[in-house]
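Peer 1: Sharing a structure here in structure tokens format.
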Ligand code: COA
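Structure representation (structure tokens):
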């Protein structure tokens with residue numbers, strides 16, 4: 010495995026995949042580490058996320074990526090503890106005095122798109138505030154797990170803004186037009202239970218089980234052929250990006266092409282011989 014990029018604001022831990030095939034696979038856990046600022050996404054976090062995405066995409070040992078936020082630090086004597094957060098948004102202090110010409114390049118090269126464009130499975134592991142750009146980061150992942158005490162929202166409207174990291178589009182596709190409109194225009198937060206009810210998150214999990222359940226999902230994805238997993242992601246993604254009839258054809262092309270892969274032969278033979286498949290990744 011190549012060395013992951015180092016950053017104080019984005020900690021990367023690589024956990025070996027159980028019974029990895031090909032050997033050496035890891036689940037890469039990325040922790041946004043600015044708990045005193047509720048893990049708000051400043052320029053440093055954004056560039057660390059982009060660098061991590063470049064690394065993860067180019068390193069074959071990275072099989073699944075989990076993105077999460079650092080837990081709060083112990084508060085100083087007499088101070089109230091900071092709340093838990095995945096990320097409470099883009100760092101608002103960096104908006105001061107900016108014009109459209111200033112922000113355009115930042116948003117043209119943004120971390121939400123880098124995460125979205127990863128061809129490997131991505132999981133948002135949320136415990137606490139996931140607001141604005143933080144909600145958008147969770148939405149840029151393929152799926153999300155969250156605790157009941159989590160709070161999701163797009164409060165940009167209260168700043169005279171709208172989501173700018175793909176939030177309007179991804180939210181609408183995930184939870185539907187009416188619910189997306191209510192969240193984007195109202196700026197109110199919803200808790201983990203409501204997020205689960207409307208399909209914003211896949212699983213509602215108690216805080217003390219969040220890591221274990223997220224890892225169980227990640228290890229399951231990581232146990233499949235990395236090539237087939239990429240193709241599966243591309244096929245489902247086509248449903249978002251193409252008209253229905255084109256998506257059906259895209260799926261058929263991808264499906265047929267898999268019949269020329271080593272891993273399809275390995276998977277079918279392993280099933281027929283009642284053996285575990287040892288994937289090559291090709
Ligand atoms: N950008 C920059 N700093 C942020 C931030 C953000 N999006 N969200 C929280 N912080 C900082 C606060 O300024 C505060 O810093 P300080 O202790 O140095 O003063 C620290 O994080 C703790 O936040 P605080 O507001 O004191 O916590 P709280 O428990 O009273 O409230 C929230 C929590 C999430 C309700 C509140 O922080 C909030 O509304 N944040 C902004 C959410 C937002 O609008 N996000 C969209 C941005 S596009």
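Numbering (the numbering used here), first residue to last: 10 to 291. C-beta atoms are modelled at their ideal positions from N, C-alpha and C, and glycine is treated no differently.
Identify, in the order they occur along the chain, each residue of the same chain with its Cβ nearer than 7 Å to the Cβ of residue 247, setting aside the five sequence neighbours on each side.
Peer 2: 256, 259, 260
Peer 1: Is the separation between the beta-carbon of residue 200 and that of residue 153 shorter than 9 Å?
Peer 2: no
Peer 1: Please list, in chain order, all residues of the same chain as residue 82 whose beta carbon is under 6 Å from its beta carbon, the five residues on each side excluded.
Peer 2: 44
Peer 1: Check whether the Cβ of residue 167 lies closer than 8 Å to any heavy atom of the ligand COA, and answer yes or no.
Peer 2: yes
Peer 1: Report whether the distance from the Cβ of residue 100 to the nearest heavy atom of the ligand COA is below 8 Å.
Peer 2: yes
Peer 1: Tell me the start and end of each unbroken alpha helix (DSSP H) in the region 101 to 188 that is at least 4 residues and wholly inside, in chain order.
Peer 2: 109 to 117, 120 to 125, 142 to 149, 176 to 184
Peer 1: Using the C-alpha atoms, what's the distance from residue 233 back to residue 265?
Peer 2: 18 Å
Peer 1: Given 8 Å as the limit, tell me if residue 46 has its C-beta closer than that to any heavy atom belonging to the ligand COA.
Peer 2: yes
Peer 1: Can you tell me which of the three DSSP states residue 60 falls into?
Peer 2: Residue state for residue 60 is assigned as helix, using DSSP reduced to three classes.
Peer 1: Cβ of residue 84 within 8 Å of any heavy atom in the ligand COA?
Peer 2: no
Peer 1: Reducing DSSP to helix, strand and coil, say where residue 238 ends up.
Peer 2: helix
Peer 1: Express the C-alpha separation of residue 183 and residue 208 in angstroms, rounding to a whole number.
Peer 2: 7 Å
Peer 1: Got a sec, what are the start and stop residues for the alpha helix (DSSP H) residue 75 sits in?
Peer 2: No alpha helix (DSSP H) contains residue 75, which is instead part of the beta strand (DSSP E) from 71 to 78.
Peer 1: Is residue 106 near the ligand COA, going by C-beta to nearest heavy atom under 8 Å?
Peer 2: no
Peer 1: Looking only at C-alpha atoms, which of 99, 27, 60 sits nearest to residue 146?
Peer 2: 99
Peer 1: On the premise that residue 221 lies in contact with residue 156, defined as a C-beta separation below 8 Å, what is that separation, rounded to the nearest angstrom?
Peer 2: In fact, because the Cβ distance is near 13 Å, the residues do not count as touching under 8 Å.
Peer 1: Let me confirm a value: residue 89 is counted as buried when at least 16 other C-beta atoms fall within 10 Å, else exposed. Which label applies?
Peer 2: Residue 89 comes out exposed.
Peer 1: Starting from residue 41, trace the beta strand (DSSP E) in both directions and tell me its first and last residue.
Peer 2: 35 to 41
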